[in-house]
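Residue numbers (my numbering): 44 to 225.
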């Protein structure tokens with residue numbers, strides 16, 4: 044799991060209007076995630092937790108929802124431009140060719156028609172950033188929270204924070220008793 048999240052450590056870069064964009068999306072049973080890139084450099088990350096209703100969607104619907112979510116979030120970059128969209132759910136490659144435009148997925152397909160998209164299957168092992176974003180909520184569920192009093196105590200015991208505090212109060216740092224806790 045940790046290796047998945049190391050994929051998110053890439054530094055964001057400013058978008059270059061002369062370079063093509065690509066979007067990667069993924070969905071889990073708890074969240075959806077998307078990454079906007081240019082030449083392998085991340086321009087933006089987006090993710091959100093699923094609603095209770097969305098948690099009941101099929102895999103196909105969740106992966107479709109992730110695409111619609113990504114295109115809404117990155118619309119200002121993508122509208123009027125051809126771009127590649129990578130997803131790890133192979134049936135979605137034909138989503139735009141789907142002749143039956145009924146129901147929820149049908150409405151989503153209609154929303155996608157305003158974009159010039161080339162949907163490409165990418166295995167989950169190659170779609171790490173979007174995959175990690177779609178699972179972040181699972182990680183946050185297991186992280187222990189500390190109380191405000193525990194945070195204050197940790198700050199009081201931190202030498203760098205103690206020095207910064209005294210500098211902010213215009214106290215002299217030459218006095219070693221300020222730096223060292225008694």
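Where a beta carbon is used, it is the ideal one built from N, C-alpha and C, also for glycine.
Owing to the predicted nature of the structure, the values given are computational and were not obtained by experimental measurement.
The Cβ atoms of residue 160 and residue 122 do not sit closer than 8 Å to each other. In this chain, the beta strand (DSSP E) harbouring residue 89 covers 84-92. Residue 68 carries a strand assignment under DSSP once its states are collapsed to helix, strand and coil.
When the beta-carbon positions are compared, residue 77 and residue 109 come within less than 8 Å of each other. Around the beta carbon of residue 66, 16 or more other beta carbons sit within 10 angstroms, so the residue counts as buried.
With respect to the C-alpha of residue 79, the residue from 118, 191, 73 having the closest C-alpha is 118. For residue 158, no alpha helix (DSSP H) run applies, since DSSP gives it neither H nor E.
For residue 55, there is no enclosing alpha helix (DSSP H), as DSSP marks it with neither H nor E. Residue environment for residue 81: buried (at least 16 other C-beta atoms within 10 angstroms of its C-beta). Comparing alpha-carbon positions, the option among 103, 91, 147 lying closest to residue 113 turns out to be 91. Under DSSP, residue 81 forms a beta bridge with 84.
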